[in-house]
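Visitor:
Residue numbers (the working numbering): 9 to 197.
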């Protein structure tokens with residue numbers, strides 16, 4: 009009979025996610041996870057086929073955290089909430105944001121596909137709920153989303169790296185409204 013596992017798959021995944029969240033994916037290894045758990049690397053290798061499997065799990069959890077930020081109702085406008093959630097994710101989850109959007113080499117191919125799928129599905133859902141976009145063609149909505157993504161990502165990245173002092177949520181909301189309102193209005197002329 010094999011020895012009983014000291015740590016569950018969930019405990020190992022939690023430890024790995026905590027390392028990624030605090031230090032970044034580049035610090036994720038069997039050794040650092042084992043140190044966090046206070047064990048040898050043996051439970052990690054007996055639970056996961058390889059480190060890539062554990063990294064994929066960590067990346068999936070990172071996407072879930074980002075989606076929680078983006079789907080939280082904050083302003084009453086689904087599109088504004090989506091953008092605000094993205095910026096707040098960059099503010100509050102600095103390392104996860106960096107690994108997902110600034111250090112693309114840190115994400116596995118599987119995780120990139122999952123993040124892109126989640127992003128596109130979420131965007132379509134939010135666009136369908138956004139009253140300010142009613143009556144616009146699909147081409148116009150797509151163009152608005154691309155422009156909005158460029159602005160929102162730029163704002164989030166600048167705050168994340170410290171180029172812009174992190175304003176509070178209300179100041180970020182105001183900034184996004186000042187951009188979003190005129191952008192949508194320019195397509196309704």
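From the three backbone atoms N, C-alpha and C, an ideal C-beta is built for every residue, glycine too. Source: prediction; values computed, not measured.
Determine the extent of the alpha helix (DSSP H) in which residue 170 is found, giving its start and end residues.
Guide: It is not in any alpha helix (DSSP H) - residue 170 carries neither H nor E in the DSSP assignment.
Visitor: Are the beta-carbon atoms belonging to residue 92 and residue 81 less than 8 Å from one another?
Guide: For residue 92 and residue 81, no; Cβs fall outside 8 Å.
Visitor: Assuming residue 21 contacts residue 75 (C-beta within less than 8 Å), just tell me the rounded distance between them.
Guide: Contact flag wrong, Cβ pair sits at about 18 Å.
Visitor: Would you call the CB atoms of residue 141 and residue 78 closer than 8 Å?
Guide: Cβ distance not < 8 Å, so residue 141 and residue 78 don't count as in contact.
Visitor: Checking 8 Å against the spacing of the C-beta atoms, do residue 95 and residue 180 come in under that value?
Guide: Yes, these two residues count as a Cβ contact at 8 Å.
Visitor: Who are the Cβ neighbours of residue 134 in its own chain at under 7 Å, not counting the five residues just before and after it?
Guide: Hits under 7 Å: 86, 87 and 90.
Visitor: How big is the Cα-Cα spacing for residue 41 and residue 66?
Guide: Whole-angstrom Cα-Cα distance: 12 Å.
Visitor: With distances taken from CA atoms, which of 52, 145 and 36 is nearest residue 16?
Guide: Out of 52, 145 and 36, 52 has the C-alpha closest to the C-alpha of residue 16.
Visitor: Return yes when the Cβ of residue 107 is within less than 8 Å of the Cβ of residue 163, no when it is not.
Guide: Taking 8 Å as the Cβ cut-off, residue 163 and residue 107 do not qualify as a contacting pair.
Visitor: Does the beta-carbon distance from residue 58 to residue 102 come in below 8 Å?
Guide: No, they are not a contact pair.
Visitor: What three-state label does DSSP hand residue 80 in the structure shown?
Guide: Three-state DSSP puts residue 80 in coil, outside helix and strand.
Visitor: Between residue 49 and the rest of its own chain, which residues show a CB-CB distance below 7 Å, the 5 nearest in sequence each way excluded?
Guide: Same-chain partners within the cutoff: 38, 39 and 42.
Visitor: For residue 105 and residue 54, what's the separation of their Cα atoms in angstroms?
Guide: C-alpha separation (whole angstroms): 30 Å.
Visitor: Considering only their Cβ atoms, is the gap separating residue 165 from residue 109 smaller than 8 Å?
Guide: The answer is yes: Cβ separation under 8 Å.
Visitor: Kindly list the residues whose CB is nearer than 7 Å to the CB of residue 137, restricted to its own chain and excluding five residues on each side of it in sequence; keep chain order.
Guide: Cβ within range, chain order: 86.
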